[in-house]
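Notes for the one structure printed next.
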Amino acid sequence: MSTTPTVHFEAASTLAVVVSSHEPLLFLSDDLKIIAASASFCRAFDIDPTSVPGKKLGELGHGEWAMPKLESLLKATASRSADIQAYEIDLKRPNGGTRQLVVNAQTLDDGDVEHIRLLVAVTDVTDARAEARLKDDLARDKAILLQEVQHRVANSLQIIASVLMQSARRVQSEEARGHLHNAHHRVMSIAALQRQLSTSPGGSVELRTYLKQLCQSLGASMIADPSRLSIHVSADDSAVEADVSVSLGLIVTELVINALKHAFPDERTGTVMIDYRSSGRDWTLAVADNGIGMAVGRDAPKAGLGTGIVEALVKNLDGEITLSDAGPGTIVTIDHQESAGLRADLSPSVYAR
Amino acid sequence: MRNGKPVILVVEDSALIRMGAVDLVLHAGYEALEACDADAAIRILEVRNDIDLVFTDVQMPGTMDGIKLSHYIRDRWPPVKLIVASGATILEESLLPSGGQFFSKPYDYHTITDAMARLLLSESPRSPTA
């Protein structure tokens with residue numbers, strides 16, 4: 000390159016690059032005299048640009064840059080024994096404030112071994128650090144608040160469940176007691192979801208665990224003799240959004256209550272099986288029992304609240320209900336086919352078969 | 000025991016939940032006592048020597064929560080059985096004194112009465128049978 004010996008003068012282009020650097024930058028000789036400082040440096044640290052050239056680092060501004068540790072590190076860099084990488088140091092501003100700086104320094108590698116010069120980049124990270132700290136604090140506050148809300152929800156659900164159970168124990172009518180127990184099961188079903196949601200961070204619900212928990216809770220309150228009746232859950236690894244899972248959970252609740260209540264009269268033994276499979280956006284939920292089977296036609300029982308709840312939720316999920324004879328027992332299948340959504344209005348009602 | 004009936008102390012700050020828990024205890028055939036926080040519970044435990052089991056909430060106002068209360072009870076009245084219910088979903092049973100049972104809220108009545116029956120059947124030195 001240039002063979003002209005430039006002992007005292009730096010190339011104008013080098014100085015121009017330094018001065019115009021967006022990142023606060025100092026250009027120093029090996030005895031830590033400032034050859035140039037970027038305009039961004041002067042702006043960031045309140046230094047008059049005209050006062051800079053020729054000064055020692057320690058004489059900059061009001062002498063706040065006279066930091067022995069920084070100076071010895073820069074000298075080490077100048078003697079090529081070490082580069083400074085992301086060195087953190089506190090700058091005590093003359094006005095009393097302290098700024099957190101990150102310093103990177105290296106020698107200028109321009110082939111001139113006679114004249115060692117240093118490029119020192121100084122980044123003020125005070126604001127970024129404060130912001131990161133604030134973010135951490137906010138995240139922690141949010142977690143605490145969420146936990147608090149979950150406690151409150153759990154307590155509120157407990158109050159509702161307690162009141163329903165107390166009413167159920169006090170009413171005289173067997174029918175009213177049945178309704179209150181069903182209401183209690185529905186509340187517990189939503190509680191099982193709440194529990195599952197509070198342990199799944201993404202807001203999506205892993206169905207197998209949820210359905211198992213749900214059916215365990217249903218079984219605990221509805222099955223007096225576990226050797227006679229049991230509930231079995233199988234599901235693939237599907238996870239669904241919270242609002243979908245609440246619908247699926249309530250559908251399962253209704254169908255399981257119904258099966259346990261009607262499919263096994265006269266101390267019959269049996270099992271209720273719940274199965275969920277999905278493929279892409281299509282899914283199938285099946286609730287099957289090996290009980291006495293459902294009365295159809297003339298003997299079909301009048302649809303109750305449970306049926307209404309199931310139908311409304313299935314419709315909401317764009318699903319289709321099929322009721323079939325499992326010989327022995329009954330299978331209720333709820334199918335959701337993404338492609339079927341468009342022709343849903345044209346398909347005949349399953350009950351009209 | 001009092002007149003052959005196990006005595007259960009319910010500790011819960013929410014009046015409605017406490018009422019339900021007392022109802023649950025009575026319905027299961029036990030005698031029920033109630034306290035609205037840990038301090039009240041300890042005052043009762045100090046004057047009654049017939050309490051077999053304490054069924055406590057975790058989050059309560061006052062000097063102790065249900066976890067601290069359960070440890071305090073285990074230290075001062077080792078034979079008393081412990082059931083703890085909390086609104087927190089995950090509560091390590093290891094936080095409780097050994098043999099204490101944890102349930103998350105809302106709890107199912109049958110689950111709690113089953114646990115009570117099991118704990119009351121077990122003798123103090125023996126762990127409850129599964």
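Quick note, the sequences are listed as chains A and B, same order.
What the first sequence shows, in numbering that gives the first Met the number 0, is residues 0 to 352, in sequence order.
What the second sequence shows, in numbering that gives the first Met the number 0, is residues 0 to 129, in sequence order.
Note that CB positions come from ideal geometry on N, CA and C, so glycine has one too.
Model, not experiment: these values are computed from the prediction.
>> Give the list of continuous beta strand (DSSP E) stretches no shorter than 3 residues that lie fully inside the stretch 227 to 286 of chain A.
In response: Whole beta strand (DSSP E) segments, 3+ residues: 228 to 234, 238 to 240, 269 to 278.
> Does the stretch 138 to 149 of chain A touch the stretch 42 to 61 of chain A, meaning 3 or more C-beta pairs lie closer than 8 Å?
Replying inline: no
> Listing by chain order, which chain B residues have their CB less than 7 Å from the CB of residue 190 of chain A?
Replying inline: 105
>> I want to verify the contact list: residues of chain A whose CB lies under 7 Å from the CB of residue 66 of chain B, in sequence order.
In response: Under the 7 Å cutoff, chain A gives no residues; its nearest Cβ is about 14 Å from residue 66 of chain B.
>> Given a cut-off of 8 Å on the beta-carbon distance, is the pair residue 202 of chain A and residue 241 of chain A in contact?
In response: yes
> Do the stretch 52 to 69 of chain B and the stretch 116 to 135 of chain A make contact, defined as three or more Cβ pairs closer than 8 Å?
Replying inline: The stretch 52 to 69 of chain B vs the stretch 116 to 135 of chain A: no contact.
> For residue 7 of chain B versus residue 54 of chain B, is the C-beta distance shorter than 8 Å?
Replying inline: yes
> Is the CB of residue 323 of chain A under 8 Å away from at least one CB in chain B?
Replying inline: no
> Nearest chain B C-beta to residue 162 of chain A closer than 8 Å, yes or no?
Replying inline: yes
>> As a quick exercise: from A:91, A:112, A:239, pick the residue whose alpha carbon is nearest that of residue 66 of chain A.
In response: A:91
> For residue 51 of chain B versus residue 0 of chain B, is the C-beta spacing smaller than 8 Å?
Replying inline: yes
> Looking at chain B, which residues of the stretch 69 to 86 of chain A have a Cβ within less than 8 Å of any of its Cβ atoms?
Replying inline: none
> For a contact meaning CB atoms closer than 8 Å, what does residue 187 of chain A contact in chain B?
Replying inline: 105, 107
> How close, in whole Å, do the beta carbons of residue 23 of chain B and residue 80 of chain B come, if the pair is a contact with beta carbons under 8 Å?
Replying inline: In fact, because the Cβ distance is near 16 Å, the residues do not count as touching under 8 Å.
> Quick one: what's residue 8 of chain B bridged to in DSSP?
Replying inline: Within the DSSP bridge table, the entry for residue 8 of chain B names B:32, B:53 as partners.
> Under 9 Å Cβ-Cβ, which residues of chain B neighbour residue 153 of chain A?
Replying inline: 85, 86, 87, 88, 103, 104, 105
>> Can you look up residue 152 of chain A in the DSSP assignment and give me helix, strand or coil?
In response: helix
> residue 272 of chain A to residue 133 of chain A, Cα distance in whole Å?
Replying inline: 50 Å
> In this structure, what does DSSP give as the bridge partners for residue 331 of chain A?
Replying inline: A:286, A:322
> If we count the other Cβ atoms within 10 Å of its Cβ and call it buried at 16 or more, is residue 253 of chain A buried or exposed?
Replying inline: buried
> Using a beta-carbon distance below 8 Å, is residue 13 of chain B in contact with chain A?
Replying inline: The beta carbon of residue 13 of chain B sits closer than 8 Å to some beta carbon of chain A.
>> Would the stretch 304 to 322 of chain A count as touching the stretch 244 to 263 of chain A if we require 3 or more Cβ pairs under 8 Å?
In response: Counting Cβ pairs under 8 Å, three or more are found: they touch.
>> Classify residue 84 of chain A: buried if its beta carbon has 16 or more other beta carbons within 10 angstroms, exposed otherwise.
In response: exposed
>> With H, G and I counted as helix, E and B as strand and the rest as coil, what does DSSP make of residue 107 of chain B?
In response: Correct three-state label for residue 107 of chain B: coil.
>> Using a 10 Å radius around the Cβ and a threshold of 16 neighbouring Cβ atoms, would you call residue 268 of chain A buried or exposed?
In response: The residue in question, residue 268 of chain A, is exposed, as its Cβ has fewer than 16 Cβ neighbours within 10 Å.
> Shorter than 8 Å from the beta carbon of residue 150 of chain A to some beta carbon of chain B?
Replying inline: yes
> So what does DSSP say about residue 347 of chain A, is it helix, strand or coil?
Replying inline: Interpretation of residue 347 of chain A is limited by its pLDDT of 46, a score under 50 that renders its predicted location unreliable; the figure taken from the coordinates is listed afterwards. Note: residue 347 of chain A maps to coil in three-state DSSP.
> For residue 204 of chain A, which three-state DSSP category applies?
Replying inline: strand
>> Against chain A, with Cβ distances strictly below 8 Å, would residue 55 of chain B count as a contact?
In response: no
>> What would DSSP say about residue 26 of chain A, mapped onto helix, strand or coil?
In response: strand
>> For the stretch 165 to 178 of chain A against the stretch 204 to 222 of chain A, do three or more pairs of beta-carbon atoms, one drawn from each stretch, fall closer than 8 Å, so that the two count as touching?
In response: no
> Can you pull the DSSP bridge partners for residue 390 of chain A?
Replying inline: An answer regarding residue 390 of chain A cannot be provided, because it is not within the stretch 0 to 352 covered by chain A.
> Under three-state DSSP, which class holds residue 87 of chain A?
Replying inline: strand
> Of all the CB atoms in chain A, is at least one closer than 8 Å to the CB of residue 19 of chain B?
Replying inline: yes
>> Please classify residue 97 of chain A as buried or exposed, where buried requires at least 16 neighbouring CB atoms within 10 angstroms.
In response: exposed
>> Just to confirm my understanding: we take residue 343 of chain A, look at its own chain, exclude 5 residues before and 5 after, and list those with CB closer than 8 Å. What are they?
In response: A caution first: residue 343 of chain A carries a pLDDT of 48, below 50, which makes its placement in the model unreliable, though a value can still be read off. The residues are 317, 319.
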